[in-house]
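Worksheet for the structure shown next.
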Amino acid sequence: MLAFIEVTLNLFVLAGILFIAAVIGFFAKNIKLSSQRLNIERLEKEMLNSHAEILRLQKELAVLDNQTSQTPIVSIRDNASESAKENLPDAGLRKKAFSGIGKAKP
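Residue numbering for the sequence shown follows this note's numbering, starting at 289 and increasing by one per position.
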């Protein structure tokens, strides 16, 4: 025959068990979150250090490139404006020539 086991549970004991389980879950969650925060802070510091190292190396490379490059750098924009000024005739002379003022007297 089948044996039945009778289990009696008090309502206050059940409420106590649920409360203890909630407190344990709350503390477990806080421990997990704090470990994740620490891990994130560690990774952020590592990224900042690696970026700082990259910037330092880029600066050193730029300094080395400036030292090895002895070629003078001339801006195209500056040269174009200077050559344009040199090639154009005086505007006053053109006006005199076209207006007839510069004609020879008989």
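Where a beta carbon is used, it is the ideal one built from N, C-alpha and C, also for glycine.
Secondary structure of residue i, DSSP reduced to three states
i	result
L297	coil
S363	coil
F314	helix
P394	Caution applies to P394, whose pLDDT of 49 falls short of 50 and renders its modelled position unreliable; the model cannot decide the point.
A291	coil
Same chain only: Cβ atoms within 6 Å of residue i, ignoring 5 sequence neighbours per side
i	result
P394	Low local confidence applies: a pLDDT of 49 at P394 is under 50, so the model's placement there is unreliable, with the coordinate-based value given in what follows. Excluding residues within five positions, none has a Cβ falling inside 6 Å.
I308	none
Classification of residue i by the beta-carbon crowding that lies within 10 angstroms, buried from 16 upward
i	result
L306	exposed
Contact with chain C by residue i, beta-carbon distance below 8 Å
i	result
I305	Chain labels in this structure do not include chain C; a single protein chain is all it has.
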